[in-house]
Amino acid sequence: MISLFRGTVPLGMEHGTVGVNSHGSMYEVTTFRRDIETDGRRAIVEFADTVEEDLARRDFTINAIAWRPASGDWIDPFKGEDDLRARRLRAVGDPAERFTEDRLRVFRGIRFAGRFGLTVEPDTDRALREAVPDLRGLSAERVRDELLKVLDSPDPRPALALYASTGVLDIWYPELAERGNDAAGLRAVKAVSVSRPLVRLARWLAQVAERAAARRIVAAAIVRRLKFSTAQQQRVAGLAEHYGRTPGSGASPADIRRWLSTVKGSWRDVLRLGIADLRAGLGNGATPSGADDGLRQAALGLEQPEGQVEFLGVWRLIHGQHLAGPPLTVGDLAVRGHHLTAMGMRGPEVGRALRRLLDHVIEHPEENVRDRLLALARKSGEVSDDA
-5 MISLFRGTVP
5 LGMEHGTVGV
15 NSHGSMYEVT
25 TFRRDIETDG
35 RRAIVEFADT
45 VEEDLARRDF
55 TINAIAWRPA
65 SGDWIDPFKG
75 EDDLRARRLR
85 AVGDPAERFT
95 EDRLRVFRGI
105 RFAGRFGLTV
115 EPDTDRALRE
125 AVPDLRGLSA
135 ERVRDELLKV
145 LDSPDPRPAL
155 ALYASTGVLD
165 IWYPELAERG
175 NDAAGLRAVK
185 AVSVSRPLVR
195 LARWLAQVAE
205 RAAARRIVAA
215 AIVRRLKFST
225 AQQQRVAGLA
235 EHYGRTPGSG
245 ASPADIRRWL
255 STVKGSWRDV
265 LRLGIADLRA
275 GLGNGATPSG
285 ADDGLRQAAL
295 GLEQPEGQVE
305 FLGVWRLIHG
315 QHLAGPPLTV
325 GDLAVRGHHL
335 TAMGMRGPEV
345 GRALRRLLDH
355 VIEHPEENVR
365 DRLLALARKS
375 GEVSDDA
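Now the structure itself:
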């Protein structure tokens, strides 16, 4: 390949893979291969002589079809086209061997069946389920990437339901074993935009508990187990915590500022979670007991003009406060800790005073002025008059 094409890139020469630049696109070209040893996680391969040998090492028949663009010829030794027409997922050769070679094929099979609406052929289904207990040996990164691909599907519900019915939840997501297949919750996952997989993930994980603090703890444990980045872990855990807690149409400006202070930069995604519940038909108290009814009622009729008007009113209230840029964190205050230590405060006193001042300016943002805040701090009793 390197001698035939200009501008090739060695993407994995040890595996026989090069990249070929052609008409502005990069194509990966790999030499035919056969497996000579596998351990359930990775394979040792050697180069093969025929495309049939290469196809024989694929997981499912629908992935074991070769096409020659120049002539339009198909090579389909395992009748994958028939399976496609029948909307059937069938392993190449012996299903048990296929899943033993690479346990990740269990996740791939679930994803394919869910995304494309395929029925798993009985022998393949049996072998897939029997392989589930061995999924513990997979790397967290591979499991995470498969989950993200499921969440990237237009409708992730069938695959997530298969996670539950096959026992995958018991192995990798035991916290969700009792709740992860809730039909209403899965409808809400689907109702979140496909372009926001982490928000979808947060909604799925939000089913683990009723209490906000418990949701955060469990969601954080799961995304940490899957080795998401620290930023992603914080985002998903925070959304799981704040899920179902949104201001209503009757909220005061101070109520909205306090909510914004709590959810910080994730406020849009928290609203998206609420809207997803409404679109999934969870507007009648089916969400956790701590949820605020306001946004539910505001968006309950999103498909109707009057519902749209009411929801837009809530959105404008929140967006207006956001644009005004009120002080929402201790870092936004007009005073800093060193100002308070100069007044004589020490240690924990400083933190307590700053939090009280933040509570005050959330109620009265116009009073976020240094002299005014220092006077309030002195008046609070944290500092004696002669400090």
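My numbering puts the sequence shown at residues -5 to 381. C-beta: ideal position from N, C-alpha, C; glycine also.
CB contact flag (residue i, residue j, <7 Å)
| i | j | result |
| --- | --- | --- |
| residue 73 | residue 105 | no |
| residue 391 | residue 212 | The structure shown does not extend to residue 391, since the chain is modelled only from -5 through 381, so no value can be given for it. |
| residue 251 | residue 356 | yes |
| residue 182 | residue 197 | yes |
| residue 84 | residue 93 | no |
| residue 193 | residue 249 | no |
| residue 55 | residue 86 | yes |
| residue 129 | residue 97 | yes |
| residue 24 | residue 44 | no |
| residue 209 | residue 235 | yes |
Chain C contact for residue i (CB, 7 Å cutoff)
| i | result |
| --- | --- |
| residue 82 | Note that chain C does not occur in the displayed structure, where there is just one protein chain. |
For residue i: DSSP bridge partner residues
| i | result |
| --- | --- |
| residue 20 | 15 |
| residue 62 | 67 |
| residue 2 | 14 |
| residue 54 | 85 |
| residue 114 | 83 |
Cβ-based burial, residue i [other Cβ within 10 Å; buried from 16]
| i | result |
| --- | --- |
| residue 108 | buried |
| residue 380 | Caution is warranted here: a pLDDT of 40 is assigned to residue 380, below 50, making its placement in the model unreliable, and the coordinate value is therefore given only provisionally. Exposed. |
| residue 332 | exposed |
| residue 284 | Here residue 284 scores only 36 on pLDDT, less than 50, and its place in the model should not be relied on; the value that follows carries that caveat. With fewer than 16 other Cβ atoms within 10 Å, it is exposed. |
| residue 261 | buried |
| residue 68 | exposed |
| residue 320 | buried |
| residue 271 | buried |
| residue 253 | buried |
| residue 3 | exposed |
| residue 64 | exposed |
Own chain partners of residue i with C-beta closer than 7 Å, once the 5 adjacent residues on each side are dropped
| i | result |
| --- | --- |
| residue 286 | Because residue 286 carries a pLDDT of 41, less than 50, the predicted location of this residue cannot be relied on, and the following value inherits that uncertainty. Hits under 7 Å: 239, 240, 241 and 242. |
| residue 363 | 328 |
| residue 155 | 175 and 180 |
| residue 115 | 82, 83 and 84 |
| residue 191 | 142, 145 and 146 |
| residue 148 | 188 |
| residue 276 | 178 and 182 |
8 Å CB neighbourhood of residue i in its chain, flanking five on each side removed
| i | result |
| --- | --- |
| residue 222 | 138 and 230 |
| residue 323 | 255, 258 and 352 |
Own chain partners of residue i with C-beta closer than 6 Å, once the 5 adjacent residues on each side are dropped
| i | result |
| --- | --- |
| residue 118 | 84, 85 and 89 |
| residue 152 | 108 |
*Jot down the residue ranges of each uninterrupted alpha helix (DSSP H) in the stretch 121 to 197, minimum 4 residues, whole runs only, in chain order.*
134 to 145, 151 to 160, 162 to 166 and 177 to 185
*asked:* Please give me, in chain order, every unbroken run of the beta strand (DSSP E) with length at least 3 that falls completely inside the stretch 64 to 103.
replied: 67 to 69
*Which runs of the alpha helix (DSSP H) fall wholly inside the stretch 210 to 251 and span at least 4 residues, in chain order?*
224 to 236
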